Structure formats: structure tokens, C-alpha cells
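Q:
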Amino acid sequence: MKKVLIYASFALIAALSSCSINEEVLPEAKEPHFRGIMEMPVMSSDTRAYADDAYRVYWNNGDRVTIFYDKTYNRQYEFTGRTGTTAGDFERVGSDPAHFTEVDIESGFNYAIYPYHRYNACDYDGTLTVAFPTERAFDESARGIGASIVLVARAEDGDFMFKHAAGYVGFKLYGEGVKVSSVTLKSNNKEPLAGYPYVVYTDDDTPFVTFDENSDGVSQTTLVCDPPVELNASSSDYKIFWFAIPPTIFTKGFTFTVTDVNGGTFSKARNTSYVVERKVFRTMSPIEVVPEGGPDTPEVVPVTGVQIGSSTLALEPGETANLTATVTPSNATDKTVTWSSSNTAVATVSSTGKVTAVAAGEAVITVTTTDGGKTATCTVTVTNPAVPVQSVSLDKTTLDLNVGEDITLVATVLPSNADDKTVTWSSSNTAVATVSSTGKVTAVAAGEAVITVTTTDGNKTATCTVTVTNPAVPVQSVSLDKTTLDLNVGENATLVATVLPENADDKTVTWTSSNTAVATVDATGKVTAVAAGEAVITVTTTDGGKTATCSVKVNDKEANHPGDPIGEGEEEQF
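Heads up: the sequence shown begins at 211 in the numbering used here, then just goes up one per residue.
(1) Report the rounded CA-to-CA distance for A745 versus V699, giving the unit in angstroms.
(2) Would you list the one or two residues that DSSP bridges to N765?
(3) Check each candidate in V663, R492, V654, A567 and name the one with the smallest Cα separation from V602.
(4) Among K736, S560, A741, V740, which residue has its Cα nearest to the Cα of T748?
(5) What are the partner residues of Y411, as DSSP defines its beta bridges?
(6) For a test of the three-state rule: what should DSSP assign to I661, helix, strand or coil?
(7) Determine whether the beta carbon atoms of E762 and L695 lie at a separation below 8 Å.
(8) Sort T558, T734, C588, T514 by Cα distance to G160 and report the nearest one.
(9) Among the residues of its own chain, which have a CB less than 6 Å from the CB of K670, if the five just before and after it don't count?
(10) Near T458, which residues of its chain fall below 6 Å by C-beta distance, leaving aside the five closest residues on each side in sequence?
(11) For S358, which residues from the same chain have a beta carbon less than 7 Å from its beta carbon, with the 5 sequence-adjacent residues on both sides left out?
(12) Around the Cβ of K767, are there at least 16 other Cβ atoms within 10 angstroms (buried) or fewer (exposed)?
(13) So for G743, helix, strand or coil by DSSP?
(14) Does the distance from the CB of V409 to the CB of V490 come in under 8 Å?
(15) State the CB to CB distance for the pair T522 and T585, rounded to an integer number of angstroms; the pair is presumed to be in contact (CB under 8 Å).
(16) What are the residues that DSSP puts in a beta bridge with T585?
(17) Would you mind sorting A443 into buried or exposed? The rule is 16 or more other CB atoms within 10 Å of its CB.
(18) Contact between the region 565 to 576 and the region 519 to 533: three or more CB pairs below 8 Å?
(19) Where do the N-terminal and C-terminal ends of the beta strand (DSSP E) with Y484 fall, by residue?
(20) Using 8 Å for Cβ pairs, my map puts T618 next to T648. What's the rounded Cβ distance?
(21) Take the Cβ of G405 as the centre, count every other Cβ of all protein chains shown within 10 Å, and call the residue buried at 16 or more, exposed below.
(22) If you reduce the DSSP assignment to three classes, tell me which class F348 lands in.
(23) Is the beta carbon of P407 sitting closer than 8 Å to the one on K373?
(24) Under the rule that 16 or more other beta-carbon atoms within 10 Å means buried, what is A641, buried or exposed?
(25) Return the CA-CA distance between V654 and A643, expressed in angstroms with no decimal places.
(26) Please list, in chain order, all residues of the same chain as T608 whose beta carbon is under 6 Å from its beta carbon, the five residues on each side excluded.
(27) Please report the Cβ distance between F460 and S483, rounded to the nearest whole angstrom; I am assuming they are in contact, meaning their Cβ atoms lie under 8 Å.
(28) Where does P242 sit, in a helix, a strand or coil, going by DSSP?
(29) Ordered along the chain, which non-local residues of its own chain (more than five positions away) have a Cβ less than 6 Å from that of V193?
(30) CA-CA distance, G336 and Y321?
(31) When we look at the beta-carbon of E572 and count the other beta-carbons within 10 Å, is it buried (16 or more) or exposed?
(32) Measuring CB to CB, does V728 end up less than 8 Å from V740?
(33) Please report the distance separating the alpha-carbon of T576 from that of S560.
(34) Any idea if E658 is buried or exposed, counting beta-carbon neighbours within 10 angstroms, 16 or more meaning buried?
(35) Restricting to Cα atoms, I'd like to know which of T543, Q517, N594 is closest to E526.
(36) Restricting to Cα atoms, I'd like to know which of V592, L624, V645 is closest to G614.
See below:
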């Protein structure tokens, strides 16, 4: 037979995840890898490889792998090298099962799966289907980890690179007089731990494992111990029970159950999220196993109460906070709790007590103990984030007023959704102009004042300069001291005009005569008789055009001025 020589060496990175079951952190190591030179295609049956304390993988004589070589045939090959070595020969086992259809896969690539399973499959595009059995045999060997190490390989031109497709979680168990017949691991939220997930190589040659929505998966897997495994009594002398499962997130934790040879059981649960990563080995701190009905069955201690660290919580949308529940008594047997929100539109809460604010409002977060249904609450108030004032402006920046007038200024605070839009008003000179709390400006006396509006939030300001003048006093009327006047030719008389009101701003007037051939009038109101006849003298105010008149009658008799001699030879007329 032709053979395949496979070289293997790798180390695994361990991680720590906090939970009620404490974990140990393993030292960091190099990236795991397997390489091999293929002489001909190979295939194999239910078997496993093992890891030493440094988590290097070794092959055991008789280990079998499934190899797909340019076809979808499920071929099995068996390791014929020495147990405990990292390289050796694989020989072909049996013949190709007739029910597999021959389909070419991606040119130049071959695929392998360890351990062999009859349902291992390879699609034409290189997608692999890997078997994670619901039951596996525990093998307590020098290098045994007690569970199959699921490896997949992709090779080009016969050069294989094996990589882990599984994640690993181990339990360190001890217990006086306990003989284990099986250990079962179960997810609390039905995440698949067994079944037939798909494996796809990513661009960086990393296998990615997933159950698609049409794949059936089982939420538990069991290690069968045949013969039974007797535990040691000391926590420092534990035995590890490893599980190889698809990489997953236990969103609500997991439960493992130990069954002894007498049918007694011991269970322990972790009720918080737990991540199982590909190629990472994680173990829990040593756990004492005391099966129900065993010699040291612990007394059940009931829960008497529960408290939340804070009874109130203030958040803004998008913010989070972690609530902590304290179950009493501290030695209660079952301290698991559940969380709920009275209004998930306002705030949600996770299974670990993480509160996330959604929108403004109020919600009550309640924690309830599984044992006894004891509750405690925290009131969460969610408010929208503060919106500060950015600016303020006035509808007028200058203002002209007469004494006694008033006007209301309008302030605009931005942004329009600012939380505090209140303002205060002030005047730089209250003797000139005052301002009320609503922005009403009142002119007091002639002069100038600056009105300032100031926001309460941010002290933003805007100003308006106010100029105050005394109001104009218009002319209401004008009158003359005489409404009629008799004059002889050559005589004159001065009319007196009275403009009302007395405090009118503009009391100037103009004078006119309706017949200057009879009588004239100058700018002071002096009327001079020119010739016999009649004329009307009119006074007109400049402001308002108010008028008053005086009718003047001029006689043709000349005025007799004092001192004028009577002419000789003239007769005096009667």
C-alpha cells in the first residue's frame, strides 16, 4: 500500500472566563499547526488523537482519519506509526463505500477530517461536514484528554495543514469513593454541542464551524467511562474530563452532570454566558463530586431573600450599567436568578443583570431567585441627554422711542430643543429705559441705553441699543387778537397771533393779505392800509397749517397824523 506521512506539532492558547465555576489560565503557546506529505489518499474509523500536558497533539497507533482526494468519496486511513509520536505512516483501510457519489471538488485541494466517522462528508466546493457524536468513550491514557480532538486539514498537491475545528472545555473532578460511569455536558439555552456542523476554510486558511438553520444539532454530549473512572479524594489530585464541541457561546451557561456506577448523580450549573473558542483548551477549577445518595450528600439550604446593590439607577439612552444581586443566605444551595424589565421600550436587562437604557421613561428591573421566587427591584429612570444653549438673538438690535413709549423685544434661543431656554433682561441705564422680565422696554427720558438679554444656560447674550427722545408737540390752533380792523389810508396796526398749545414745538407762522392793493402785512403781523377797500389778513402755522383771519376795512380818508397843519384856504369837511 502507498502511505501518507503526516507531521504534527502545535500548542494551544488557553483563556479565562469568569463564572460561578472558576477557571484556570493555561500558559500562552505558539499557534497550532499540522503539516504532512501525502503519497496517496487515505481514510479511517471512529478514533482519536491525544494531547500531553503542554497540549501538543500526538497520534496513537490505530487512529483513523477521513480523507477526500479530488472526490467526495469518504476514504479512511489508519495510523500505523508508533503511539505517542507526532509523525508516521497512514495506510488505506478497506475500499470506497459504493453509495458515495463521485464529484470533482476544487481543483488542486484535498481535505481530511480527524477522527474518522462514516458521516464525514465533503461537498463539491470543499465544504466539510464533521461529526460531533452525542456519546464518546473516555480514554484514561497517559496522554488522554478523554474526548476526540476534532481536526480538519486542507492540502494542496498533497501538502496537508491540519487545524482544530473544535473548542475544548474540561472539568477537573475529585470525590471520595466516587466511581464515574459517565459525564454529560448540556447547554442551558439549547446551543448545539453534537451533530453534523459544516466546516468552511476562510481566506486565511482557518476552519470555521457552524450549524446552519436547516442542520439538526443536539444540546448535550456525554463521555462514557467504560470501565468506570474512580476519582481521587483530594482537590490537588483531580482527573480531567475533556469535551470537544463546536465553538459556541453558551448564552445562558451550561450544566454538567456526573453519574456514578450506582446511578447517583451530581450536577453543577453555570448560569452566565460562557464562550468556547476554536483551538482553545479551558478547564474549570477542581470540583468535588458528591452524587445524590452518596456518603456526603450536602444539605439543601433554601434561599431566604435577594437584594440588588442599587434600588435606583439614572441613565441616558444607550448607556449601560451592571446590577448585582446578592442571594441570602450566602450558603444557599441554588443561588441562580433571573432578570426582567417592566418596560423593555425604556430599559432592557440581560441574564447577567446588565441594564441597557433604550429611551426616555421609567422601568423597574426585577431579579427573581430560582429557589423560592424571592425578588428585589431597581427603578431605572432614563432621560434624554442634556441639550445646551448655543446662542441667543434679538428681533431688533436698535430701537428709537419717545419718552413714555414702550415695545417688547423677542429673544430667540438656539437650538430650539435646548433644555433650558430661560433668559434674564437688563438695562445699562434705567434712567433712560427700563426692561421687564418679559423683554418689555419702556422709554423713561431722553438719552441712550443698551438692553441685554442673557441665557440662564451658558450665559449667552444679545443686545439692543435704545435711543430715547422727547415726543413732538404739534400745533393744535392759532388765533388773532382782532378779527376786524378799520384803518384809514396810510394807517397801520399790528395783529398778534396766539399759537396753541403753548409748548408746541414749532410756533412759527406766515402772514398773507387777500388784497395787497388795499392792505399789506409783513412777517410780524403789521398791517398797513394802502387804499380804500377791504382785505382779509390770514395767519398760517408752519406746523399743521392752522389759520386765523382778520377782515380789514380801509377808508379813503387819509390818516391825520399829529402835527400835520391844516392847509390854508381849505375848508374843513364835516
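The beta carbon of each residue, even a glycine, is placed where N, CA and C say it ideally should be. Remember, it's a predicted structure, so these values are computed and weren't measured experimentally.
A: Let me spell this out:
(1) To locate residue 745, count along the sequence shown from 1; it is residue 535. To locate residue 699, count along the sequence shown from 1; it is residue 489. Between A745 and V699, the C-alpha separation is close to 13 Å.
(2) Numbered from its first residue, the sequence shown carries residue 765 at position 555. Bridge partners of N765: N698.
(3) To locate residue 602, count along the sequence shown from 1; it is residue 392. The option with the nearest alpha carbon to V602 is V663.
(4) Residue numbering aside, residue 748 sits at position 538 when the sequence shown is read from its first letter. Cα-wise, what sits closest to T748 is K736.
(5) As a position in the sequence shown, residue 411 is number 201, starting the count at 1. Y411 is bridged to P417.
(6) Taking the first residue of the sequence shown as 1, we reach residue 661 at position 451. Of the three classes helix, strand and coil, the one that applies to I661 here is strand, per DSSP.
(7) To locate residue 762, count along the sequence shown from 1; it is residue 552. To locate residue 695, count along the sequence shown from 1; it is residue 485. The sequence given here places Val at residue 762; Glu does not occur at that position. In this structure, L695 lies closer than 8 Å to V762 by Cβ.
(8) As shown, the chain starts at 211 and ends at 784. That puts residue 160 outside it, with no answer to give.
(9) By one-based count along the sequence shown, residue 670 stands at place 460. So the qualifying residues of the chain are V599, S601, V602.
(10) Reading the sequence shown from its first residue, position 248 is the one you call residue 458. The residues are E401, V486.
(11) The count along the sequence shown starts at 1 and reaches residue 358 at position 148. Cβ within range, chain order: R258, P325, R346, A454.
(12) Here residue 767 is taken as the residue at index 557 of the sequence shown, counted from 1. Looking at its Cβ environment, which holds fewer than 16 other Cβ atoms inside 10 Å, K767 is exposed.
(13) Sequence index remark: in the sequence shown, residue 743 carries index 533 (1-based). Residue state, collapsed to three classes: strand.
(14) Here residue 409 refers to the residue found at position 199 when the sequence shown is read from its first residue. Here residue 490 refers to the residue found at position 280 when the sequence shown is read from its first residue. No.
(15) To locate residue 522, count along the sequence shown from 1; it is residue 312. To locate residue 585, count along the sequence shown from 1; it is residue 375. Not a contact, Cβ separation roughly 16 Å.
(16) For the purposes of this step, residue 585 is identified with residue 375 of the sequence shown, where counting begins at 1. Its beta-bridge partners are T578.
(17) Within the sequence shown, numbered from 1, the residue matching residue 443 stands at position 233. When all chains shown are included, A443 counts as exposed.
(18) yes
(19) The sequence position of residue 484 within the sequence shown is 274, counting from 1. Taken as a continuous stretch (DSSP letters only), the beta strand (DSSP E) holding Y484 covers 484 to 486.
(20) Working through the sequence shown from its first residue, we reach residue 618 at position 408. Working through the sequence shown from its first residue, we reach residue 648 at position 438. Confirmed, Cβ separation roughly 7 Å.
(21) As a position in the sequence shown, residue 405 is number 195, starting the count at 1. When all chains shown are included, G405 counts as buried.
(22) As a working note, residue 348 is residue 138 in the sequence shown. The answer is coil: DSSP assigns F348 none of H, G, I, E or B.
(23) Mapped onto the sequence shown, residue 407 falls at position 197. Mapped onto the sequence shown, residue 373 falls at position 163. In this structure, K373 does not lie closer than 8 Å to P407 by Cβ.
(24) Sequence index remark: in the sequence shown, residue 641 carries index 431 (1-based). When all chains shown are included, A641 counts as exposed.
(25) Against the sequence shown, residue 654 aligns to sequence position 444. Against the sequence shown, residue 643 aligns to sequence position 433. V654 and A643: Cα-Cα distance of roughly 5 Å.
(26) Position 398 of the sequence shown, counting from 1, holds the residue named residue 608. Cβ neighbours of T608 beyond the five flanking positions: T675.
(27) The count along the sequence shown starts at 1 and reaches residue 460 at position 250. The count along the sequence shown starts at 1 and reaches residue 483 at position 273. The pair is a contact, with the Cβ atoms about 6 Å apart (cut-off 8 Å).
(28) By 1-based counting over the sequence shown, the position of residue 242 is 32. Note that P242 scores a pLDDT of 26, beneath 50, so its modelled location is shaky and nothing firm can be said.
(29) The first residue shown for the chain is 211 and the last is 784, placing residue 193 beyond what the model contains.
(30) Taking the sequence shown and counting its residues from 1, the one referred to as residue 336 is at position 126. Taking the sequence shown and counting its residues from 1, the one referred to as residue 321 is at position 111. Cα to Cα, G336 sits roughly 7 Å from Y321.
(31) As a position in the sequence shown, residue 572 is number 362, starting the count at 1. Exposed.
(32) Translated into the one-based positions of the sequence shown, residue 728 becomes position 518. Translated into the one-based positions of the sequence shown, residue 740 becomes position 530. For V728 and V740, yes; Cβs fall inside 8 Å.
(33) Within the sequence shown, residue 576 is the residue found at index 366, counting from 1. Within the sequence shown, residue 560 is the residue found at index 350, counting from 1. If you take the alpha carbons of T576 and S560, they lie about 11 Å apart.
(34) Position 448 of the sequence shown, counted from the first residue, corresponds to residue 658. That one is exposed.
(35) Working through the sequence shown from its first residue, we reach residue 526 at position 316. Of the candidates T543, Q517, N594, the one whose C-alpha sits nearest the C-alpha of E526 is N594.
(36) Your numbering for residue 614 matches position 404 in the sequence shown. When only C-alpha atoms are compared, the closest one is V645.
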